[in-house]
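Protein chains in written order, with this note's numbering: chain A, 1 to 170; chain B, 1001 to 1170.
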DNA sequence: TTTGACAGTTCTATTTTAGAACTATAAGGT
DNA sequence: ACCTTATAGTTCTAAAATAGAACTGTCAAA
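Below, the structure written as structure tokens:
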């Protein structure tokens, strides 16, 4: 499977991974959320090679995640800013950072804290159900095919039984 | 920057990307959440090459995201199941799927729906503040350095001003 | 004795990435 | 006029990762 094919899979996760699932894209987007807007800014903040940065920015613009906006004529210069589609990636960012904060920190603790302006406190992101507002965990969720399904992962307890589990073990 | 270095960055996002930020790992984990447990199951569901699958499974086990558990002696066979650390990736999965559902679906709609067992309804995941329970958006969040900071992206409105912005533009 | 399920491993060929150097426009200093 | 710096790329070659296919080994069932 190549990158391009990924984006055409009948699976929202596969498609999304086709867009952001590489080593650099999410880090570039992190910088966007931290207000970086220009080529050199990304490059020096991340240490990404200029070649790849140019590639990734192009891709993000093509995908409608960033918009390329001129901020100066002669020499033409542009800034990259998040579109709404890009801003909507924020929950993904937060979820990733939070997992890292929980499972990947060293003795010194979190590198970055997040403060909610409204309530003034440092917070963790919590995922809740849009319908009842309760926090979600994997076990409380049942998946079933939607209108765009094409016989892919529509299951909720699959695969395992079909192998006759000949557990004459030990 | 190589994959290994990424995991040592003083940034929870970089570290997490070092673990799950490639083309296949999240798809393998999706299968885990859909109850796939065995090598052949992953391979046939995803079409990943056996070589890479073996690699990725090893890495996930090393990282403590999957546990390799024998289910049969002679020929020794193992299943891969999610640890708590792995289960904790669920919010990331949901956030990714939801973004894909919102921005990457074709005319036919979502391939997969999620039902919350508790309330019985199909839902979307919503990110809220752990402190006040309000839904979060990027603009309402201010970041500041935590104990594990090392002078990386500790800012909240940086970079842009330091370039004297000579906008004699047009 | 052969076939099939299962879980890998090993190989070569392509694709991606890394790393460094180069291009181009213009401002500013001397 | 000449040199340096800032900015935003592009163009190379080398190294790393991935794809694709074939191969290995253990057992069960036919």
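For glycine and all other residues, C-beta sits at the position ideal for the given N, C-alpha and C.
Compute the Euclidean distance between the alpha carbons of residue i and residue j, then round it to the nearest angstrom.
i                       : j                       : result
residue 1004 of chain B : residue 1119 of chain B : 42 angstroms
residue 1144 of chain B : residue 111 of chain A  : 9 angstroms
residue 1097 of chain B : residue 13 of chain A   : 5 angstroms
residue 1072 of chain B : residue 1078 of chain B : 7 angstroms
residue 1103 of chain B : residue 93 of chain A   : 16 angstroms
residue 108 of chain A  : residue 1007 of chain B : 15 angstroms
residue 1070 of chain B : residue 1041 of chain B : 16 angstroms
residue 1142 of chain B : residue 38 of chain A   : 21 angstroms
residue 1150 of chain B : residue 1015 of chain B : 14 angstroms
residue 116 of chain A  : residue 125 of chain A  : 10 angstroms
residue 1106 of chain B : residue 1100 of chain B : 10 angstroms
residue 1146 of chain B : residue 114 of chain A  : 9 angstroms
residue 130 of chain A  : residue 1043 of chain B : 34 angstroms
residue 58 of chain A   : residue 19 of chain A   : 12 angstroms
residue 1075 of chain B : residue 1030 of chain B : 27 angstroms
residue 121 of chain A  : residue 34 of chain A   : 19 angstroms
residue 1060 of chain B : residue 1123 of chain B : 29 angstroms
Can you tell me whether residue i is buried or exposed, with buried defined as 16 or more other CB within 10 angstroms of its CB?
i                       : result
residue 1009 of chain B : buried
residue 1132 of chain B : exposed
residue 62 of chain A   : exposed
residue 51 of chain A   : exposed
Does the distance from the CB of residue i to the CB of residue j come in under 8 angstroms?
i                       : j                       : result
residue 1067 of chain B : residue 1083 of chain B : yes
residue 1046 of chain B : residue 1028 of chain B : yes
residue 1056 of chain B : residue 1036 of chain B : no
residue 17 of chain A   : residue 1091 of chain B : no
residue 1148 of chain B : residue 23 of chain A   : no
residue 1080 of chain B : residue 1011 of chain B : no
residue 54 of chain A   : residue 1095 of chain B : no
Inset, instruction - With 7 angstroms as the C-beta to C-beta threshold (strictly closer), list the residues of the region 50 to 70 of chain A near chain B in chain order. - result: Going along the region 50 to 70 of chain A in chain order, one finds no residue with a Cβ nearer than 7 angstroms to chain B.
Legend entry - Inter-stretch contact (C-beta, 8 angstroms, three-pair minimum) for the region 1123 to 1138 of chain B and the region 82 to 102 of chain A: The region 1123 to 1138 of chain B, when compared against the region 82 to 102 of chain A, does touch it at the 8 angstroms Cβ threshold.
Inset, instruction - Check each residue of the region 110 to 122 of chain A: if its Cβ is closer than 9 angstroms to any Cβ of chain B, include it; give the result in chain order. - result: Correct list: 110, 111, 112, 113, 114, 115, 116, 117, 118, 119, 120, 121, 122.
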